[in-house]
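Quick note on numbering: UniProt numbering labels position 42 of the sequence shown as 42, and the sequence is numbered without any gaps. Encoded as structure tokens, the structure appears first; notes follow it.
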Amino acid sequence: MFLYSTRHNATTILIRASGCHCFSSQQLQSLKASEFVSPGGTVTLSCSLSRYNIDSYRVRWYQQKLGSAPQFVYHYKTSGDQGRGTGIPARFTVSSDTSNNLWNLVISGVQAEDDADYYCAVWDGSSNAHHSDTMR
Numbered sequence: 001m002f003l004y005s006t007r008h009n010a011t012t013i014l015i016r017a018s019g020c021h022c023f024s025s026q027q028l029q030s031l032k033a034s035e036f037v038s039p040g041g042t043v044t045l046s047c048s049l050s051r052y053n054i055d056s057y058r059v060r061w062y063q064q065k066l067g068s069a070p071q072f073v074y075h076y077k078t079s080g081d082q083g084r085g086t087g088i089p090a091r092f093t094v095s096s097d098t099s100n101n102l103w104n105l106v107i108s109g110v111q112a113e114d115d116a117d118y119y120c121a122v123w124d125g126s127s128n129a130h131h132s133d134t135m136r
């Protein structure tokens with residue numbers, strides 16, 4: 001889970017990661033235990049899928065602010081098959097790192113409004129299987 005937090009007018013934003021959820025024989029896992037980033041800085045949230053090559057899957061990222069329903073942020077299958085959700089600024093991007101079998105959600109110019117839970121959800125387009133992990 002990743003949490004963006006500005007406390008006591010601090011000039012850093014704390015990002016924490018913990019836990020993973022395992023579904024059937026696959027494991028989707030968030031990476032990085034914690035990280036600090038200054039407002040205006042860049043943060044990378046990563047999800048790794050073990051046991052299978054990520055090229056066979058599509059990832060979707062969601063943002064959930066406190067007291068609100070999850071909002072679709074970004075989908076990524078390939079560099080030619082990707083896109084942002086409605087109202088999501090261009091500072092949110094996703095890329096794949098096939099050598100490490102993971103997807104990266106990159107938030108550039110981090111702002112206080114980015115304070116939220118971030119979820120990555122992955123599925124194989126040829127089946128109804130759906131896998132997800134929560135980041136706060």
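Virtual Cβ for every residue (Gly too), placed ideally from N, Cα, C. Quantities reported herein were computed from a predicted structural model and do not represent experimental measurements.
- In the DSSP assignment, residue 104 forms a beta bridge with 46, 95.
- In the DSSP assignment, no residue is bridged to residue 57.
- As DSSP reads the structure, residue 71 sits in a beta bridge with 63.
- In this structure residue 88 touches residue 74 by the C-beta definition: roughly 7 Å separates them, less than 8 Å.
- An exposed status is given to residue 90, since fewer than 16 other beta-carbon atoms sit within 10 Å of its beta-carbon.
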